[in-house]
Structures are given as structure tokens and as C-alpha cells.
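The structure appears below as C-alpha cells.
Chains as they are written, first to last, in my numbering: chain A, 1 to 354; chain B, 1001 to 1354.
As C-alpha cells, this is what we get:
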């Protein structure tokens, strides 16, 4: 039994119990939705990050870990079309880590990202562990009553979109596994010298080293698409949405399963990250495989009904979107069209337990 | 720097930032309080439980661990005078644990306690760990706007009360350290044969074995005082409240510090657990030390202004309360009177990091 099966089992168990009528969406989406007493719904997500599983300590500066812990939860709130407001952090670490500046750097990174989106760190817990750092990041946000964008709202004919570009975070993991590390340059210098995300200039003039550093940052310091989430939710543009945490093949499969539909996507439309294409080209690797099955891009995958496509903004916070396919009901699976053939795209994204 | 100092530092850092005006109480209480859009305030708590630190795996049946993970958070909600509604659980475990029935038993215990208080398991996260089980339990509850009971509301002359009896959970830990284990009897049989909590019959007729099992259950399967929390909050009876998680000496010190007052308590008024007295008597141990400094009783410690004392119910859900002292401002410390002397009661409760 993998974790998705177990979560399905828990979902059935909780459904069979007398439960709060105010739970609009419980187990089984990127976040849970609860009716407030006023005219808003509360959106709640929790994300557990474990050393050695979700991050490698010696490849992950504490400040970036703080950033990422909050970013993954902000991404879940964005994927519900909600606006994030409050962060809670439970963190455990061994005594020898406690005695370093890790905890200060961690919260410095987390609070800097929180400030960027007007999020308040409002509570949490601190504990000791025997070995290894563990973080549970909890974020609460809000949407107008009934306006949360679930995984289950996609309908036949809806067009499938993603924000930004894909494959960079997975390439970053591969680079870390091969021993690449964030350079001594400050992150600010690094970010300033990095190509603007989504820019499509020629990759060939870009030195490998800069491309590598950029991919490491996409893995270690992802940018949650908070602005897009708010626009898609508040303008009632997306019919269904999920964030790309496990990988496109898995996450689109989750969305289709919850919506009881299928999808057909076109490989030529998938927005591959330029740095990934550049480095893969030199190493005879397949950038498409990274984009399809690599996780943690934390882009938003969403569906839009045909009559609303003209209302979609071109960019939000400088990030463009790409149409990659459409929702179909001729089969309840995800299929992909590449050149002159079409095949079923099996979910091959990340699982903890097989 | 211990965790309390670090949490104070974070609290100052978050205060100095532009932050959500809707955060009524952020870092620094048993739970955080956030204004909803309607006529309620949301109360949020997170509690991290780590194997080897917060529980010993071979002494802790999975079902009881599930119960306790929720119980500690329900206790925090109770200590705010709030009503619990929704639970979120992030859980990490190694692959070899995943493949056992641990996860099913854990959630069976958690859901049974949730059902008891009408709480819905509404979400969470699952991850792998390299070694050891880690759980973050998040509970959301509500109070009427402005009615949350903070640590900071105690005033000179208020009387100090605790629910139930003290020292049993700490005695349970000592027994576990000496190798005592929950017997094969089902928990239901055990609970049914156990003396009703708060009963004051003669302890001498009680066999040691039953007393030991009862103390182990007080440690492994605490009963959060949800009913008392709701009554004290909704009837506007408590001026300040905290739950006894770290130990009476530490928790009363936290409450006094937040309220900027002192307290004088009377050792003769402290409600010692009968089983603790019985077993300590046989072993020449001091039950008072366990009651003062032992943590995890998860009783409520609260203050009531003199004019409201007559309105206090005698019992809620069968649990009595005891007046143990009063709030003073002649000194900003906690003092204890025993026989014919009075001394300062230093906080000697549990800390993760000294």
C-alpha cells in the first residue's frame, strides 16, 4: 500500500463518521477547506519535510530550507485559488544542531518569504529529535465562501494549463546527487545575476556554471505561484487546480481521478526549462522525462473552460502560462501526444512508499 | 539558549514586522488566536511528537500514541477556553514501520478520541523518515470573538485552580523507565477496571499492579479536559489559563510571567494522585515533587477572580477542581507554602534544550 492508497483509506474512514458539516473539503486535496462563520472559507495545508528524505542537509543552506518549508505550503494554498495569511511551524532538531545558528538562519529565510506575501508567522512548536531535522509547515489562507478551486472540478473540453517552466527542480535534485552545491555567492547576488524566470533568450551563451546554480535554486528555493493562485481563484477562472509537487504525470493523474475525467496533453506544448534543455543537450539526457515525472517544480497545473480562456492574463508577477492539452472523457486516463504517436502517460512521479 | 528563550526571540522578531491585524495572539501561548470574518475567533495549536524524545516506541502501543497525539493538542485548545473542531496530522515513519499495522492502529486511536469530542480529521501529510516516527498534531477550534482565555489575564487576588489530580503522568514515565509496560488486557477492560479519575477511596486496598497500569495509562493515554475548557471559556470564568504540559512549577511560572504577576500556592492544597501517593509511600519517594515538576498531566491550571468563584461548577465530565493558591503581586515569582515555611518555586519542569 503506498501513501496515496492509505490516504484514500483514511478518507473513507473519516467520511463514514459523523463529521463537521463545515468541512467543505477534507482529506484528498492540496489543502482542506472549512467554512468560517463569516463570508470566507478557511484553507489549511500541512507539509512535513524530513532530513535525508525531503532534503539533504549538506546541500541545503538553512536559510533556503526555511524558505522552502514555507514555499511548499504557500504553493498548496495557491493551488486552492486562496490567499495565504498565517504560517505555523513545528520544528525538531538534535541538540547539536540547536547549538548552531541553523535555527536563526532557518527562520530568517522563512520570515523573508513570509514578508514577501504578507504572511504572519503566528505559532508552532519546537522539539528535540534523536537524529535529523524535521519540519512541519502549516499555512492557513482564505477564499470567498464556496470559491476554493478543488482537484475535482475539471470538465470535458476544459483546457489544461501550467504556470512557468518544468523540469528544473528535478534537474536540481540530479545535480545535488552528483555533488553540485550552491556556490558561495550570496543568494541575492545569485538571484540578481540569474536569468529572469520564464525568459526565453538563447541558452547557448549561458555558462554551464550559471545554469547549474540556477537549477539548484529552483530545487532548493522554489517560488510559489501565490499571485497566479489568487487571480485564478478570485476571478473564478480555474475549474480545477493542483500544484506540481509529485510531478506532472502523477499530479495530472490525481486531478483527472478526482474529476472523473481523462486528459490528452501534447509533448510539444510542455514548457521545458531552458537551463534543463541546455544541460540535458550536453549530457544526452531527456528534458521531457524530467518535466513529466520530476517533482517539486511547484508550478500550478489548472484547467479552464473554453469560454474563459480569453479572460486569462498573459502573465502574473512576471510568470507566463502554457496551454499543454485538454480534458477528455473518451478515456479516464492521461494520454500524451508526441510527434505522430499517442500513449498513456502513467503516473511516475514521487512516492514515499511503494 | 533554551527553547523558551528562542521562542521569545521569534516572538519579538514577528512583532517587529508588519503583520496581520487579525492575529489576536501569535507566538507565546498554548495556541494562537486569529479573528475570523464572522463572530468567532479561530484557535490553532501544533504539537510535535518525536520518537525517542516524546515517546518510547516499545512502551507505547500505536493506538495509544494516536490517542495521545490528538489529546495533547485538544488540551491546548481547552486551555484557551475554546471548543475543538478540526484535526490535521502530519506523520513520518520509516519504511519498515509503514509496512506494519502501526499506521492503522495509530489512526484508530486518534479517530476514537476525535469521535468522543466531535472533532473531524480534516487533513494532514504523510512522509517517510530515515529512522523513527514523528508526528505533528494540529488542531483548530473556535471561541466567541474576544473570548479566548490567554496566559496573560491573571490579576492580583485571583484564585489559582487545577483540574483533576497531579503527578500521575510523571510517575508513569518513571515506571516506563524502570521497564513497566501496559499489560495485555485490552485498554477498554483496563479503563473499566480502573478507579474513576478523581475518586478518593482508600488506596491501600488497591493492588500495586492496578496502580501501575493506571499510572502508565495517565502517561500514555491522557484525557484532555475539553469539557472544562469549554465551560471556563464560554461562561467567562477563567481570567488566565494554561495546560500542565511542562509541569506545574514551569507552567505556573509561564502564566505569571505573561500576566506580570506572582503567585503563592499551598502545598497542602495540591491534589496528588492517589496511585502516586500509594506507590511513592512504598518506595520513600516524594509525590509532591512529581506533582510540582513532572509534566504531561494535561490538567488545566487557571485563575478565577474572587467574585466568580461561586459560579464555578463542582465537576465537569466527572472531573473535580482544586484551589491551590492565589495570584499575588508582592513578588513576581511563584512561591509555595509548606507547613511553616514559604520558598520560591523555581521552574523545574521539562525543557528540550538547556
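Think of the CB as a built atom: it goes at the ideal place given N, C-alpha and C, for glycine as much as any other residue.
With distance defined between alpha-carbon atoms, name the residue in the options nearest to residue i.
{"i": "residue 112 (chain A)", "options": "B:1062, B:1112 and B:1016", "result": "B:1016"}
{"i": "residue 321 (chain A)", "options": "A:165, A:182, A:92 and A:289", "result": "A:165"}
{"i": "residue 65 (chain A)", "options": "A:7, A:246, A:88 and A:222", "result": "A:222"}
{"i": "residue 332 (chain A)", "options": "A:257, A:225 and A:142", "result": "A:257"}
{"i": "residue 114 (chain A)", "options": "B:1013, B:1263 and B:1067", "result": "B:1013"}
{"i": "residue 293 (chain A)", "options": "A:170, A:238 and A:225", "result": "A:170"}
{"i": "residue 330 (chain A)", "options": "A:92, A:264, A:217 and A:25", "result": "A:264"}
{"i": "residue 5 (chain A)", "options": "B:1099, B:1182, B:1086 and B:1025", "result": "B:1099"}
{"i": "residue 344 (chain A)", "options": "A:318, A:249, A:307 and A:68", "result": "A:249"}
{"i": "residue 270 (chain A)", "options": "A:157, A:89, A:108 and A:161", "result": "A:161"}
{"i": "residue 207 (chain A)", "options": "A:102, A:103, A:8 and A:282", "result": "A:282"}
{"i": "residue 1218 (chain B)", "options": "B:1108, B:1102 and B:1072", "result": "B:1072"}
{"i": "residue 240 (chain A)", "options": "A:246, A:247 and A:255", "result": "A:255"}
{"i": "residue 1225 (chain B)", "options": "B:1279, B:1070 and B:1340", "result": "B:1070"}
Do residue j and residue i come within 8 angstroms of each other at the CB atom, strictly closer than that value?
{"i": "residue 1123 (chain B)", "j": "residue 1251 (chain B)", "result": "no"}
{"i": "residue 35 (chain A)", "j": "residue 29 (chain A)", "result": "no"}
{"i": "residue 1084 (chain B)", "j": "residue 1044 (chain B)", "result": "no"}
{"i": "residue 1299 (chain B)", "j": "residue 1232 (chain B)", "result": "no"}
{"i": "residue 81 (chain A)", "j": "residue 154 (chain A)", "result": "no"}
{"i": "residue 1266 (chain B)", "j": "residue 1324 (chain B)", "result": "yes"}
{"i": "residue 176 (chain A)", "j": "residue 59 (chain A)", "result": "yes"}
{"i": "residue 326 (chain A)", "j": "residue 159 (chain A)", "result": "yes"}
{"i": "residue 276 (chain A)", "j": "residue 167 (chain A)", "result": "yes"}
{"i": "residue 229 (chain A)", "j": "residue 24 (chain A)", "result": "no"}
{"i": "residue 1068 (chain B)", "j": "residue 1094 (chain B)", "result": "no"}
{"i": "residue 127 (chain A)", "j": "residue 1053 (chain B)", "result": "yes"}
{"i": "residue 316 (chain A)", "j": "residue 172 (chain A)", "result": "no"}
{"i": "residue 48 (chain A)", "j": "residue 1183 (chain B)", "result": "no"}
{"i": "residue 92 (chain A)", "j": "residue 306 (chain A)", "result": "no"}
{"i": "residue 1125 (chain B)", "j": "residue 1046 (chain B)", "result": "no"}
For a test of the three-state rule: what should DSSP assign to residue i, helix, strand or coil?
{"i": "residue 1277 (chain B)", "result": "helix"}
{"i": "residue 62 (chain A)", "result": "helix"}
{"i": "residue 272 (chain A)", "result": "strand"}
{"i": "residue 1320 (chain B)", "result": "strand"}
{"i": "residue 1225 (chain B)", "result": "coil"}
{"i": "residue 1287 (chain B)", "result": "helix"}
{"i": "residue 335 (chain A)", "result": "strand"}
{"i": "residue 204 (chain A)", "result": "Its pLDDT being 47, under 50, residue 204 (chain A) is placed unreliably in this model, and the value from its coordinates should be taken loosely. If DSSP states are grouped into helix, strand and coil, residue 204 (chain A) belongs with coil."}
{"i": "residue 1097 (chain B)", "result": "helix"}
{"i": "residue 1133 (chain B)", "result": "coil"}
{"i": "residue 1140 (chain B)", "result": "strand"}
{"i": "residue 23 (chain A)", "result": "strand"}
{"i": "residue 302 (chain A)", "result": "strand"}
{"i": "residue 47 (chain A)", "result": "strand"}
{"i": "residue 83 (chain A)", "result": "strand"}
{"i": "residue 14 (chain A)", "result": "helix"}
{"i": "residue 250 (chain A)", "result": "helix"}
{"i": "residue 125 (chain A)", "result": "strand"}
{"i": "residue 344 (chain A)", "result": "strand"}
{"i": "residue 1107 (chain B)", "result": "helix"}
For residue i, which residues in chain A fall below 7 angstroms Cβ to Cβ?
{"i": "residue 1132 (chain B)", "result": "130"}
{"i": "residue 1077 (chain B)", "result": "What residue 1077 (chain B) touches in chain A: nothing, since even the nearest Cβ is about 12 angstroms away."}
{"i": "residue 1106 (chain B)", "result": "Ordered by position in chain A, no residue passes the 7 angstroms Cβ test against residue 1106 (chain B), which lies about 11 angstroms from the chain."}
{"i": "residue 1095 (chain B)", "result": "353"}
Could you work out which residues of chain A lie near residue i, taking near to mean beta carbons separated by less than 8 angstroms?
{"i": "residue 1083 (chain B)", "result": "In chain order: nothing, as chain A lies at least about 11 angstroms away."}
{"i": "residue 1299 (chain B)", "result": "Within chain A, no residue comes near residue 1299 (chain B); the closest Cβ sits about 20 angstroms away, beyond 8 angstroms."}
{"i": "residue 1010 (chain B)", "result": "107 and 121"}
List, in order along the chain, the chain B residues whose C-beta lies closer than 7 angstroms to that of residue i?
{"i": "residue 103 (chain A)", "result": "1006"}
{"i": "residue 3 (chain A)", "result": "1126"}
{"i": "residue 98 (chain A)", "result": "1353"}
{"i": "residue 90 (chain A)", "result": "1046, 1048 and 1136"}
{"i": "residue 113 (chain A)", "result": "Those within 7 angstroms of residue 113 (chain A) in chain B number zero; the least Cβ separation is about 12 angstroms."}
Name the chain A residues that come within less than 9 angstroms of residue i, Cβ to Cβ?
{"i": "residue 1151 (chain B)", "result": "Per Cβ cutoff of 9 angstroms: no residues; residue 1151 (chain B) is ~13 angstroms from chain A at best."}
{"i": "residue 1039 (chain B)", "result": "37 and 38"}
{"i": "residue 1117 (chain B)", "result": "In chain order: nothing, as chain A lies at least about 11 angstroms away."}
Kindly list, in the order they appear in chain B, the residues whose Cβ is closer than 8 angstroms to that of residue i.
{"i": "residue 208 (chain A)", "result": "Those do not exist, as residue 208 (chain A) stays about 32 angstroms from chain B at its closest Cβ, beyond 8 angstroms."}
Is residue i close to chain C? Criterion is C-beta to C-beta, closer than 8 angstroms.
{"i": "residue 34 (chain A)", "result": "The structure shown contains no chain C; its protein chains are A and B."}
At a threshold of 7 angstroms, does residue i count as lining the ligand ATP (C-beta to nearest heavy atom)?
{"i": "residue 335 (chain A)", "result": "By its list of ligands, the structure shown contains no ligand whatsoever, and the ligand ATP lies outside what it can speak to."}
- Message: Please list, in chain order, the residues of the stretch 43-62 of chain A that have any C-beta partner in chain B closer than 8 angstroms.
- Response: Residues passing the 8 angstroms Cβ filter: 44, 45, 46, 47, 48, 49, 50, 51, 52, 53 and 54.
- Task: Residues of the stretch 215-244 of chain A with a CB closer than 8 angstroms to any CB of chain B: list them in chain order, please.
- Result: Along the stretch 215-244 of chain A, none of the residues has a CB nearer than 8 angstroms to a CB of chain B.
- Task: Report the residues of the stretch 12-27 of chain A with a CB closer than 8 angstroms to any CB of chain B, ordered along the chain.
- Result: 13, 14, 17, 18, 19, 20, 22, 23, 26 and 27
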